[in-house]
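Undergrad:
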Amino acid sequence: MEKRSPHYRLSGILAQMTSVEMMNLTLSAQDGIRAAGMVKAEALEVVRGLSRSDFYKSMTTHKDHRVWQDVYQAAWRGKGLYVKF
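Every number in our numbering is 150 more than the matching position in the sequence shown, counting from 1.
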């Protein structure tokens with residue numbers, strides 16, 4: 151299932167991600183960060199730079215249709231990034 155409005159407030163997400171230690175990353179996210187050639191500090195910079203205009207869609211997870219993820223599109227060093235919360 152998908153929708154075109156955020157399920158979560160971006161300001162609330164950003165308030166929780168104030169340092170690398172505060173990033174609650176899944177293994178998939180950690181793999182994606184490495185695959186992009188980034189370190190966690192650079193990923194945090196990307197996240198902290200997100201705005202509402204970067205919002206792409208909300209979608210439910212593949213494992214549980216009741217759990218929503220907000221998806222943002224960002225760029226880093228010319229690479230397109232797909233950021234999910």
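Where a beta carbon is used, it is the ideal one built from N, C-alpha and C, also for glycine. From a predicted model like this one, the values you see are computed outputs, not experimental measurements.
Among residues of its own chain, excluding the 5 on either side of Leu194, which ones have a beta-carbon nearer than 8 Å to its beta-carbon?
TA: For the purposes of this step, residue 194 is taken as the residue at position 44 of the sequence shown. Taken in chain order, the residues that qualify are Met167, Ser169, Val170 and Met173.
Undergrad: Can you tell me where the beta strand (DSSP E) with Ser208 in it begins and where it stops?
TA: Stepping through the sequence shown from its first residue, residue 208 is reached at position 58. Note, Ser208: beta strand (DSSP E), Phe205 to Thr210.
Undergrad: Would you report the Cα separation of Leu160 and Arg202, rounded to the nearest angstrom?
TA: Position 10 of the sequence shown, counted from the first residue, corresponds to residue 160. Position 52 of the sequence shown, counted from the first residue, corresponds to residue 202. Roughly 7 Å between the two C-alpha positions.
Undergrad: Starting from Lys213, trace the alpha helix (DSSP H) in both directions and tell me its first and last residue.
TA: Numbered from 1 along the sequence shown, position 63 holds the residue referred to as residue 213. Run containing Lys213: none; DSSP gives neither H nor E here.
Undergrad: Buried or exposed for Tyr158, going by 16 or more other Cβ atoms inside 10 Å?
TA: Counting from one through the sequence shown, the residue named residue 158 turns up at place 8. Per the 10 Å Cβ criterion, exposed.
Undergrad: Looking at the structure shown, is Val170 part of a helix, part of a strand, or coil, going by DSSP?
TA: For the purposes of this step, residue 170 is identified with residue 20 of the sequence shown, where counting begins at 1. If DSSP states are grouped into helix, strand and coil, Val170 belongs with the helices.
Undergrad: Taking the C-alpha atoms as reference points, what is the distance between Val233 and Lys213?
TA: To locate residue 233, count along the sequence shown from 1; it is residue 83. To locate residue 213, count along the sequence shown from 1; it is residue 63. Approximately 18 Å, taken between the alpha carbons.
Undergrad: Could you tell me if Leu177 is buried or exposed, where buried requires 16 or more neighbouring beta carbons within 10 angstroms of its beta carbon?
TA: What you label residue 177 is simply residue 27 of the sequence shown in a count that begins at 1. Flag for Leu177 reads exposed.
Undergrad: In whole angstroms, give me the CA-to-CA distance for Gly162 and Lys190.
TA: Here residue 162 refers to the residue found at position 12 of the sequence shown. Here residue 190 refers to the residue found at position 40 of the sequence shown. The straight-line gap from Cα to Cα measures roughly 20 Å.
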